[in-house]
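These notes are about the structure you will find just below.
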Amino acid sequence: MTQPSTDLHLEFHGEQQQVAVIRLTRAAKRNALSDGLILALRDAFENLPASTRAAVIDGEGPHFCAGLDLSELQERDAGQGLHHSRMWHAALEHVQHGPVPVIAALHGAVVGGGLELASACHIRVADDTTFYALPEGSRGIFVGGGGSVRIPKLIGAARMTDMMLTGRVYNAVDGERIGLAQYLVPAGTAFDKALELAHRVAGNAPLTNYALMHALPRIAEQPADQGFFTEALMAAIAQSAPEAKARVTAFLEGRANKVSKD
Ligand code: 1HE
0 MTQPSTDLHL EFHGEQQQVA VIRLTRAAKR NALSDGLILA LRDAFENLPA
50 STRAAVIDGE GPHFCAGLDL SELQERDAGQ GLHHSRMWHA ALEHVQHGPV
100 PVIAALHGAV VGGGLELASA CHIRVADDTT FYALPEGSRG IFVGGGGSVR
150 IPKLIGAARM TDMMLTGRVY NAVDGERIGL AQYLVPAGTA FDKALELAHR
200 VAGNAPLTNY ALMHALPRIA EQPADQGFFT EALMAAIAQS APEAKARVTA
250 FLEGRANKVS KD
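Written out as structure tokens, the structure is:
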């Protein structure tokens, strides 16, 4: 484990401390992701207590995250660049395939590596001030934090190519329209909405959340025949859990909420 970073704040919400809030606290540098901050993020996800059921990531100050700390970019040769990118991959793997679903609360700049971080999360909530860009294209570099794998899954390779070739910036409304965020909320309310969603997610059966984080993305990559088979295995495992049986019984006995459009 690396040294605790003063640029990352961790707190817990809820009676059982079931929701972790992980906040980038480097506002003076627009939450730019230094090596130390990326490693701290990895460690935070690796060491979440067993009581944690969902997490929120947000950023202090007017911007979610300005991406890679460009002041650390200068002195790397090719080999070091390769290892640096793999370090980001390992850290964001802990976000995407860590212990719990992660909800990103977005506002202001969500750019470069900031968008790579957001795209490793399971749900993105953006407020009206949010804007998205991949300035790597104009800086003469390439994405290195998993963006070329994850971002096309959200918006398609054509839109990502356009963002990098032309420096196109998407505003909050268009970002939600193309799939960069699933929720669009008034300015200043992304964190509250993300926290509300995290509490709902935390209330799910753990195996359902596990299936959505670990089985669904793999099934989506599989040929249909294999996908159907993996789905059947996951369905059988999830429904055999005592918690699933208890929840279904509660509904049948009128003790659980109905689906409602309000
Ligand atoms: C930084 C960084 C950074 C700000 N690295 N120091 N990312 C970018 O190319 C985006 C670069 N940043 C910006 O375009 C703007 O800073 C923002 C739109 C995010 C915010 O603008 P603003 O006017 O609110 O802030 P600012 O005055 O530009 O920045 C405040 C300070 O943060 C300033 O330092 P100061 O010492 O002069 O106060 C900036 O230098 C500093 N700062 N962004 C380092 N990114 C795994 S590969 C990923 C590859 C990438 O992410 S490339 C894209 C990098």
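All letters in the sequence shown, in the order written, are residues 0 to 261 by numbering that gives the first Met the number 0. We put the beta carbon where it would ideally sit given N, CA and C, even for glycine. Bear in mind the structure is a predicted one, so any value in this text is a computation, not a measurement.
Below 8 Å on the Cβ atoms is my contact criterion, and I expect residue i with residue j to pass it. Report the Cβ-Cβ distance as a whole number of Å.
i, j, result
"Glu175", "Arg149", "About 17 Å; that fails the 8 Å criterion."
"Ala103", "Glu59", "Contact flag wrong, Cβ pair sits at about 14 Å."
"Ala108", "Cys64", "7 Å"
"Gln181", "Arg123", "6 Å"
"Ala194", "His12", "Just to set this straight, residue 194 is Leu in the shown sequence, not Ala. About 7 Å; that satisfies the 8 Å criterion."
"Asp57", "Arg22", "5 Å"
"Thr207", "Arg217", "Thr207 to Arg217, Cβ: 16 Å. No contact."
Between the alpha carbons of residue i and residue j, how many angstroms are there, rounded?
i, j, result
"His96", "Lys260", "31 Å"
"Glu135", "Leu164", "9 Å"
"Leu36", "Trp87", "10 Å"
"Gln17", "Arg138", "40 Å"
"Val55", "Phe227", "31 Å"
"Val99", "Ala214", "13 Å"
"Glu242", "Pro48", "21 Å"
"Val247", "Ala231", "19 Å"
"Lys192", "Val184", "8 Å"
"Leu38", "Ala90", "7 Å"
"Asp34", "Ala186", "30 Å"
"Tyr169", "Ala132", "7 Å"
"Val110", "His62", "10 Å"
"Thr160", "Ala171", "19 Å"
"Asp6", "Lys257", "43 Å"
"Arg167", "Glu74", "28 Å"
"Ala234", "Gly155", "29 Å"
"Pro205", "Phe250", "18 Å"
"Leu67", "Gly143", "9 Å"
"Leu266", "Met212", "With the chain covering 0 to 261 only, the question about residue 266 has no answer from this structure."
"Glu220", "Leu179", "20 Å"
"Ile177", "Gly145", "19 Å"
"Thr128", "Phe190", "13 Å"
"Leu32", "Asn46", "20 Å"
"Gly113", "Arg52", "24 Å"
Classify residue i as helix, strand or coil using the three-state DSSP reduction.
i, result
"Asp42", "helix"
"Val258", "coil"
"Leu211", "helix"
"His62", "coil"
"Leu72", "coil"
"Gly202", "coil"
"Gly80", "helix"
"Gly174", "helix"
Answer with yes or no whether the minimum CB distance from residue i to chain E is below 7 Å.
i, result
"Pro100", "Structure shown: chain E not included; a single protein chain is present."
Name the one or two DSSP bridge partners that residue i has.
i, result
"Leu183", "Ala125"
"His8", "Arg22"
"Leu67", "Leu32"
Taking only runs of the beta strand (DSSP E) that begin and end inside the region 87-138, which ones reach a length of at least 3 residues, in chain order?
Whole beta strand (DSSP E) segments, 3+ residues: 101-105, 108-110, 122-126 and 130-132.
Hey, which unbroken runs of the beta strand (DSSP E) at 3 residues or more fall wholly within the region 10-58?
18-23 and 53-58
Quick check on the DSSP output: what are the complete alpha helix (DSSP H) runs of length 4 or more inside the region 137-172, in order along the chain?
146-154 and 156-165
At what residue ranges does the region 216-253 contain a whole run of the alpha helix (DSSP H), taking only runs of 4 or more?
Annotation note: the region 216-253 contains the following uninterrupted alpha helix (DSSP H) runs of length 4 or greater, listed N- to C-terminal: 223-239 and 241-251.
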